[in-house]
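Colleague: If you scroll down you'll find the structure; I have some questions about it.
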Amino acid sequence: MTEIDWRDEAFGRARSLMPNQALFSLTSLMARTHPFAIQYLEQAPAIAVFYSWGKLDLSPTERHALADRFGDKVRRGLRLKEIMENAGAPLPLRKLRGPVIIPSNFEAILELRKIPPSVLAQSIPTERPLLQLEWLRALRDWQALTRARWDLGTSQGEAWEWGVKAFGRAAVNGRRELRHHVSTLMDFFARNPDRLHSKLTFDGALAAADRWHIELGRRRTEAAQLEALGIGFDQLIDYGSLPETIEAGSYTFHALRSAEALFSEGAAMRHCVATYIKDVVFGVSRIYSIRKDRIRVATVEFHESDLFGLRMVQLRGPSNASPSREIQAAASAFLAAQRAHLVPLTLYSQGEVHPLISRDFHAPGEDVGGKLT
14 MTEIDWRDEA FGRARSLMPN QALFSLTSLM ARTHPFAIQY LEQAPAIAVF
64 YSWGKLDLSP TERHALADRF GDKVRRGLRL KEIMENAGAP LPLRKLRGPV
114 IIPSNFEAIL ELRKIPPSVL AQSIPTERPL LQLEWLRALR DWQALTRARW
164 DLGTSQGEAW EWGVKAFGRA AVNGRRELRH HVSTLMDFFA RNPDRLHSKL
214 TFDGALAAAD RWHIELGRRR TEAAQLEALG IGFDQLIDYG SLPETIEAGS
264 YTFHALRSAE ALFSEGAAMR HCVATYIKDV VFGVSRIYSI RKDRIRVATV
314 EFHESDLFGL RMVQLRGPSN ASPSREIQAA ASAFLAAQRA HLVPLTLYSQ
364 GEVHPLISRD FHAPGEDVGG KLT
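Sequential numbering of the sequence shown, starting at 14, is according to my numbering.
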C-alpha cells in the first residue's frame, strides 16, 4: 500500500471511529502519523483526549508537537499500555468507545486518571456505548457539583471515586437518566459527608437521600411545634445532675439535650429517637448517644422518678439492632454510677452486666411501649 493509500484509509477509519465532527480533526491528525497509528486509536480512542491535553483548539505548533510525540511512540513499536502510560491514561480507559469521546466529556475522562486502575476497570460499563455515555454524563455533572460544593469532611477525591463506582454499577444494572439524580445526591452528601462510604451503592444513596428529605420535612414541622411552646430547635434542655459527657470504659456517653441533637442521632443510627423530643423537653426521658472512638454505636433512654430513681428503659444499636454485651455493660455501669455516685465507671466495662440491669433494662424485642421501633 502506498503512503497516499494508507493515509486515505486511516482518514476514513478515523472518521468512522469518531463520529463527532469537532474531534475528527484531532483524530485524523493522529491517525496519519504512521500506518499503524489508527490501530492504536481503534483499540483505545480515549488516548486522543490525553495526547491533546483535553484541547481541540490546538495551535499549529501544538498540533505539530502532538503528531511528533504520538507518531514517535507508534514508530518505536511501543505496546498500547506503554503508549497510554506515556500520556497519563489509565489502561482500563481503553474500554471507552469512540462515540462517547466527545468534547463535553473530555474533562471527566481526564479526571478518571486519578482513580485506581483496579477500581476503574470494574466501574466502566462495557456492554454498549449508550451505557458509557450515560455514565460519563452523570460523572460530568457529579464532577462539577463536587468541585463547587464539596467543602466538608470527605475529600473531593473520595467523593469522585464514589461517583465513578456507584454510577458505573447503576448504569450496568439498568438505571437510566442517572444525571437527573446527581443534584439530589450532592445535596444529601454535602450536608451529610459522613454518610458517604465506598460500599454505599447508587440505590442505597438515593434511598438515604429520600429519607433525609423526609426527615427535613419532619424537622421543620417539629421546629414549628416547639416554637409554639417557646422552645428553640437547638435549645438545650436541662438534664439536672446527669452529666453532659462522661466515659464508661472504652465508651463515651453524650447527652442528647436538644431536638437538633436527637434528630442527628436518629439520622445517623437509623431509628426513631427523634420522636422523643417532647419526652425530653418535658423531663420524661433522658437520652444519651453512646460512642466508641467518636463513632455512634448505641442510643440509651433513661427515665427518672422520685419513686424508682433513674431507670434504663431501652438500649438500641443502629437500625434498632441489639447492642453487644460490652455496650450493655457500659450502659449498666453508667446507670450504676449515676444512681450510687460511688461505683467506678470502669467496674462493669469488660462484659459483666450489672445486677441492676435485670430489673431496669429492657432488651430489644421486649415490650417497652414501642420506643425507637
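Ideal placement from N, C-alpha and C gives every residue a C-beta, glycine not left out.
(1) Ignore the nearest five residues each way along the sequence and tell me which others in Leu418's own chain have a CB closer than 6 Å to its CB.
(2) According to DSSP, simplified to helix, strand and coil, what is Val381?
(3) If we ignore side chains and look at the alpha-carbon of each, how far apart do Asn205 and Tyr289 end up?
(4) Can you grab the Cα-Cα spacing for the pair Ile96 / His47, in whole Å?
(5) Count the other C-beta atoms from every protein chain shown that fall within 10 angstroms of the C-beta of Gly364, then say buried if there are 16 or more, exposed otherwise.
(6) Which ranges would you report for the beta strand (DSSP E) in the segment 247-313 if only whole runs of at least 3 residues count?
(7) Please report the distance separating the alpha-carbon of Ala157 from that of Ser254.
(8) Rounded to whole angstroms, what's the CA-CA distance from Met325 to Ile340? Just pull it up for me.
(9) Which residues does DSSP list as the beta-bridge partners of Gly230?
(10) Extract the residue ranges of the alpha helix (DSSP H) inside the segment 132-203, only unbroken runs of 4 or more that lie entirely within it.
(11) Tell me where the alpha helix (DSSP H) around Gly84 begins and ends.
(12) Which first and last residues belong to the alpha helix (DSSP H) in which Arg338 is found?
(13) For Tyr361, which three-state DSSP category applies?
(14) Name the residue from Ser335, Phe266, Leu229 whose alpha carbon lies nearest to the alpha carbon of Asp306.
(15) Here's the rule: buried if 16 or more other CB atoms are within 10 angstroms of the residue's CB, otherwise exposed. What is Trp66?
(16) Please name the residue or residues paired with His316 in a DSSP beta bridge.
(17) What three-state label does DSSP hand Arg329 in the structure shown?
(18) Count the other CB atoms within 10 Å of the CB of Asp18; is the residue buried (16 or more) or exposed (fewer)?
(19) Please state whether the Cβ-Cβ distance between Ala102 and Leu42 is less than 8 Å.
(20) Given a cut-off of 8 Å, decide if Pro336 and Leu328 are closer than it, judged by their beta-carbon atoms.
(21) Quick one: Cα of Pro138 to Cα of Ile308, how far?
(22) To the nearest angstrom, how far is it from the Cα of Ala311 to the Cα of Arg107?
(23) Quick one, are the C-beta atoms of Arg189 and Glu140 less than 8 Å apart?
(24) CB Val177 to CB Ile128, shorter than 8 Å?
(25) If you count every other CB in all the chains shown that lies within 10 Å of the CB of Gln40, and 16 or more means buried, which is it?
(26) Put Asp18 into one of helix, strand or coil per three-state DSSP.
(27) Could you give the DSSP three-state label for Ile370: helix, strand or coil?
(28) Within the continuous alpha helix (DSSP H) that includes Phe37, where are the two ends?
(29) According to DSSP, simplified to helix, strand and coil, what is Ser29?
(30) In the DSSP assignment, find the unbroken alpha helix (DSSP H) run with Val113 in it and report its ends.
(31) As a quick exercise: from Phe119, Phe180, Pro130, Phe49, pick the residue whose alpha carbon is nearest that of Gly90.
(32) For the alpha helix (DSSP H) that contains Phe63, what are its first and last residues?
(33) Taking all protein chains shown into account, decide if Phe201 is buried (16 or more other Cβ within 10 angstroms of its Cβ) or exposed.
(34) Rounded to whole angstroms, what is the Cα-Cα separation between Val387 and Leu143?
Modeller: Well, looking at it:
(1) Nothing about residue 418 can be reported from this structure: the residues present for the chain run from 14 to 386 only.
(2) Bear in mind that a pLDDT of 38 at Val381, under 50, signals an unreliable position, so the number given afterwards is only what the model happens to contain. Three-state result, Val381: coil.
(3) C-alpha separation (whole angstroms): 22 Å.
(4) Rounded to the nearest angstrom, the two C-alpha atoms are 14 Å apart.
(5) Note that Gly364 has pLDDT 42, beneath the 50 cutoff, so the model's placement of it is unreliable and no number is given.
(6) Runs found: 258-261, 264-268, 298-305.
(7) If I take the Cα positions, the gap works out to 50 Å.
(8) C-alpha separation (whole angstroms): 13 Å.
(9) In DSSP, Gly230 forms no bridge with anything.
(10) The segment 132-203 contains these whole alpha helix (DSSP H) runs: 142-162, 169-185.
(11) For Gly84, the enclosing alpha helix (DSSP H) starts and ends at 73-88.
(12) In the DSSP assignment, Arg338 falls within the alpha helix (DSSP H) that extends over 338-353.
(13) Residue placement at Tyr361 cannot be trusted, given a pLDDT of 37 that sits under 50; what the coordinates show is reported in the next sentence. If DSSP states are grouped into helix, strand and coil, Tyr361 belongs with coil.
(14) Checked all of Ser335, Phe266, Leu229; the closest Cα to Asp306 is Phe266.
(15) It is exposed - the Cβ of Trp66 has fewer than 16 other Cβ atoms within 10 Å.
(16) For His316, which the question treats as bridged, DSSP gives the partners Ser298, Arg324.
(17) DSSP places Arg329 in strand when its eight states are reduced to three.
(18) By the 10 Å Cβ count, Asp18 comes out exposed.
(19) No; because the gap between Cβ atoms is not below 8 Å, this pair is not in contact.
(20) A distance below 8 Å separates the beta carbons of Leu328 and Pro336.
(21) Cα-Cα distance, rounded: 35 Å.
(22) So the alpha carbons of these two residues sit roughly 47 Å apart.
(23) Cβ distance not < 8 Å, so Arg189 and Glu140 don't count as in contact.
(24) Closer than 8 Å, so yes.
(25) Here residue 40 is Thr; the residue named in the question, Gln, does not match the sequence. Thr40 should be labelled buried.
(26) Helix, per DSSP.
(27) Unreliable positioning characterises Ile370 in this predicted model, as indicated by a pLDDT of 37, which lies under 50. A coordinate reading is not provided.
(28) Counted as a single uninterrupted DSSP element, the alpha helix (DSSP H) harbouring Phe37 occupies residues 34-44.
(29) In this structure, DSSP gives Ser29 a helical state, which the three-state scheme calls helix.
(30) Note, Val113: premise wrong, no alpha helix (DSSP H); not H, not E.
(31) Ranking Phe119, Phe180, Pro130, Phe49 by Cα distance to Gly90 puts Phe49 first.
(32) Segment 60-64, the alpha helix (DSSP H) holding Phe63.
(33) So Phe201 ends up on the buried side.
(34) Residue 387 is absent from the model: the chain starts at 14 and stops at 386.
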